[in-house]
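By the count of the numbering used here, the sequence shown reaches residue 486 at its end, each step adding exactly one.
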Amino acid sequence: MNIALLRGLAAALLMIAAATAQAAGRLTVEDAWIRAAPPGAMMLAGYMVLGNTGDAPVVVTAADSDAFGDVSMHRTIEENGVARMRPLERVAVAPGARVAFAPGGMHLMLMQPKRALRPGDKVAIRLVQADGTAMQVEFTTR
Ligand SMILES: [Cu+2]
345 MNIALLRGLA AALLMIAAAT AQAAGRLTVE DAWIRAAPPG AMMLAGYMVL GNTGDAPVVV
405 TAADSDAFGD VSMHRTIEEN GVARMRPLER VAVAPGARVA FAPGGMHLML MQPKRALRPG
465 DKVAIRLVQA DGTAMQVEFT TR
């Protein structure tokens, strides 16, 4: 083999290595809780703090749970002095950033609970990312 061919091979191998070491986001969830509501409430709200310990953005596009008829992401906005809720299609978390779902802001809208949730009860909710991966998170009612 001549030197030029070897150099070409080495360059090709380097390109393959670079393509394999892709940047990836790594979703973290802390302080996941559901606000307790009177028995019979058909609508509850869930809160959490999202983080990303990876080196690419994480995008959450959906949530679901066996414990509820429907789960969606909402944000609360104020229009003409009135607080309204709007659906959120996606929530992006940059590498190293934290995004809080908190009362008065973003929240998980939890519709039609299958059973009454008392303080201390735990519920699993799945967060689905844009790349299709899902993460099961345990929420505590309080
Ligand atoms: Cu809502």
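Glycine included, each C-beta is placed from N, C-alpha and C at the ideal position.
According to DSSP, residues forming a beta bridge with S409: According to DSSP, S409 bridges with nothing at all.
Residues near A478 in its chain [Cβ-Cβ closer than 6 Å; skip 5 each side]: R470, V472
Sub-8 Å separation of A411 and P457 beta-carbons: yes
Endpoints, beta strand (DSSP E) assigned at N346: DSSP places N346 in no beta strand (DSSP E); its state is neither H nor E.
Alpha-carbon spacing of A380 relative to A400, whole angstroms: 35 Å
Distance cut-off 7 Å: M429 Cβ against heavy atoms of ligand 1: yes
Reduced DSSP category for L353 - H, G, I as helix; E, B as strand; rest coil: Three-state result, L353: helix.
Near ligand 1: M453 beta-carbon under 7 Å from a heavy atom: yes
Beta-carbon gap between A376 and V481 smaller than 8 Å: yes
Alpha-carbon spacing of A368 relative to L394, whole angstroms: 16 Å
Proximity of Y391 and A446 at Cβ, strictly below 8 Å: yes
Simplified DSSP assignment, three categories, for T397: coil
Local conformation of M450 per DSSP, three classes: If DSSP states are grouped into helix, strand and coil, M450 belongs with coil.
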